[in-house]
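Following: one structure in structure tokens, then a few remarks.
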Amino acid sequence: MKLLETQIEEAKNDSIFYKFIWILYLVPILSTFWLIKRYGVDVPVWVDQWSLVDLFEAISSIDLSSVLAELWELNNNHRMIFPKIIFAVTAFFSNWNIFYELYWSFSLALITFLLIYKLSEITNRTQSIFLFHATNIITCFLMFSWVQYSNWLWGFQIALYLINFCVILAIFIFASFSKFNSRTKLKLAGFFCIIASFSSAQGLMSWLALIPSISTLEGSPIQKTKRLFLWLTSFVFCSFIYSIQYNSIPVTEYYDIVIYNSIWDKFRVYIHFFFNVVAAPLTG
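Just so you know, we're using our numbering here: the sequence shown kicks off at 20 and counts up by one.
What follows is the structure, given as structure tokens:
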């Protein structure tokens with residue numbers, strides 16, 4: 020680690036190399052920002068975004084019960100409490116200028132990449148500064164790829180970038196912040212996992228994704244076992260809260276709506292919910 024830091028400082032003194040590295044990092048970032056400026060539109064897209072009008076009306080009329088109901092309401096199979104809060108604040112601040120939502124997504128992606136870069140500095144074991152920057156530049160190009168242009172140009176996709184940000188920030192907290200004890204790190208990581216969980220269904224998987232990071236915390240085998248048990252219990256509890264009033268209605272090949280009446284049918288809803296969450300990141 021010290022050798023890498025020395026190489027980085029030496030490389031910074033080489034102005035040509037340093038400028039070249041900066042250009043490589045900035046190319047995908049600035050090109051994606053240009054994509055948003057050039058092709059973004061200040062118009063709500065699809066029913067998902069137009070459905071936010073009900074939330075805005077509830078806030079405007081100061082109807083607390085309706086506001087809470089709109090925040091809790093499913094969007095497809097997702098609880099989007101925190102993205103909806105962002106949408107509402109942004110909308111009332113900007114008269115619902117959609118570009119602000121696009122900039123939110125871009126900013127979250129940029130901060131997430133910076134955290135990944137710092138994590139790379141902290142955990143990197145390579146002795147080559149060129150390999151260090153090569154891997155980070157590739158990561159930068161992948162994160163800001165135009166392949167996901169629909170996400171960059173649709174403000175409603177803030178949820179995806181918010182989940183990524185929360186997960187990476189939680190990992191960063193585990194890997195750094197040496198002044199924090201294990202309990203504090205666990206609480207902070209849990210807080211960000213809650214935000215991720217109630218941003219989109221995929222966010223529930225953040226609890227499982229962070230298990231390797233939890234195992235790196237210092238402590239005796241008993242302490243580590245207790246932490247893992249507490250973490251998994253939090254995941255189960257969060258999933259249970261998520262499933263309350265969860266009404267994913269499957270449709271048969273004949274498009275007949277299946278109605279659940281028995282306890283067994285409700286249990287099938289929970290099973291369907293779980294596998295839907297697991298499969299969503301893989302199937303899109």
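Every residue, glycine too, gets a C-beta built ideally from N, C-alpha and C.
The model shown is predicted, which means the values in this text are computed figures rather than measured ones.
Can you tell which of the options has its C-alpha closest to the C-alpha of residue i?
i      : options                           : result
Met224 : Gly238, Ile182 and Asn116         : Ile182
Thr158 : Ala128, Val72, Ala194 and Phe286  : Ala128
Phe256 : Ile230, Trp226 and Phe36          : Trp226
Trp123 : Ser258, Ala228 and Asn170         : Asn170
Leu93  : Leu236, Ile260 and Phe151         : Ile260
Ser258 : Ile230, Ile213, Phe75 and Gln242  : Ile213
Tyr44  : Ala153, Phe254, Lys243 and Thr252 : Ala153
Phe101 : Cys185, Ile230, Glu140 and His291 : Cys185
Ser262 : Leu236, His291 and Leu249         : His291
Thr51  : Tyr168, Ile192 and Ile117         : Tyr168
Ile48  : Tyr119, Ile81, Ile104 and Phe132  : Phe132
At a Cβ threshold of 8 angstroms, is residue i touching chain C?
i     : result
Val46 : Although the question refers to chain C, the structure presented lacks it and comprises just one protein chain.
From what residue to what residue does the alpha helix (DSSP H) around residue i run?
i      : result
Val66  : Trp65 to Trp69
Met162 : Ile148 to Met162
Val108 : Ile100 to Ser113
Gly174 : No alpha helix (DSSP H) contains Gly174, which DSSP labels as neither H nor E.
Ala220 : Element bounds for Ala220: n/a, residue is neither H nor E.
Val255 : Pro240 to Ser262
Ser85  : Leu83 to Trp91
Leu51  : A small fix is needed here, since residue 51 is Thr in this sequence, not Leu. Taken as a continuous stretch (DSSP letters only), the alpha helix (DSSP H) holding Thr51 covers Ser34 to Tyr58.
Lys137 : Ile117 to Thr142
Ser232 : Ile230 to Ser234
How close, in whole Å, do the beta carbons of residue i and residue j come, if the pair is a contact with beta carbons under 8 angstroms?
i      : j      : result
Gly59  : Leu121 : 5 angstroms
Phe196 : Lys204 : 7 angstroms
Leu249 : Ser201 : With a Cβ gap of about 11 angstroms, Leu249 and Ser201 do not count as contacting.
For residue i, which residues of its own chain have a beta-carbon under 6 angstroms away from its beta-carbon, when the five flanking residues on both sides are left out?
i      : result
Ile190 : Ser232
Glu34  : A small fix is needed here, since residue 34 is Ser in this sequence, not Glu. Excluding residues within five positions, none has a Cβ falling inside 6 angstroms.
Ser139 : Asn155
Gly222 : Ile182, Ala215 and Ser216
Gln68  : Phe175
Phe163 : Pro47, Ile48 and Thr51
Here's a check: name, in chain order, each residue in its chain whose Cβ is nearer than 7 angstroms to the Cβ of residue i, leaving out the five neighbours to either side.
i      : result
Tyr136 : Asn155
Ala77  : Ser85, Val86 and Glu89
Ala110 : Phe75
Val166 : none
Ile141 : Ala194 and Ser195
Ala107 : Leu74, Phe75 and Ile78
Met99  : Ala178, Ser218 and Ser219
Ile192 : Lys204, Leu207 and Ala208
Phe118 : Gly59 and Asp61
Leu134 : Ile187, Leu188 and Phe191
How many Å lie between residue i and residue j at the Cα?
i      : j      : result
Phe39  : Trp65  : 41 angstroms
Leu188 : Leu247 : 19 angstroms
Trp53  : Ser113 : 21 angstroms
Ser216 : Tyr265 : 14 angstroms
Ser79  : Val72  : 10 angstroms
Gly238 : Tyr180 : 33 angstroms
Trp115 : Leu172 : 15 angstroms
Val62  : Ile177 : 16 angstroms
Leu161 : Tyr37  : 21 angstroms
Leu150 : Leu229 : 26 angstroms
Ile104 : Ile130 : 20 angstroms
Ile55  : Ser126 : 12 angstroms
Ser147 : Lys198 : 29 angstroms
Ile81  : Trp91  : 17 angstroms
Trp41  : Arg144 : 22 angstroms
Lys243 : Ser234 : 7 angstroms
Ile241 : Leu251 : 15 angstroms
Arg57  : Arg287 : 46 angstroms
Only counting the same chain, and skipping five residues up and downstream in sequence, which positions put a Cβ closer than 8 angstroms to that of residue i?
i      : result
Ser253 : Gly209, Cys212 and Trp226
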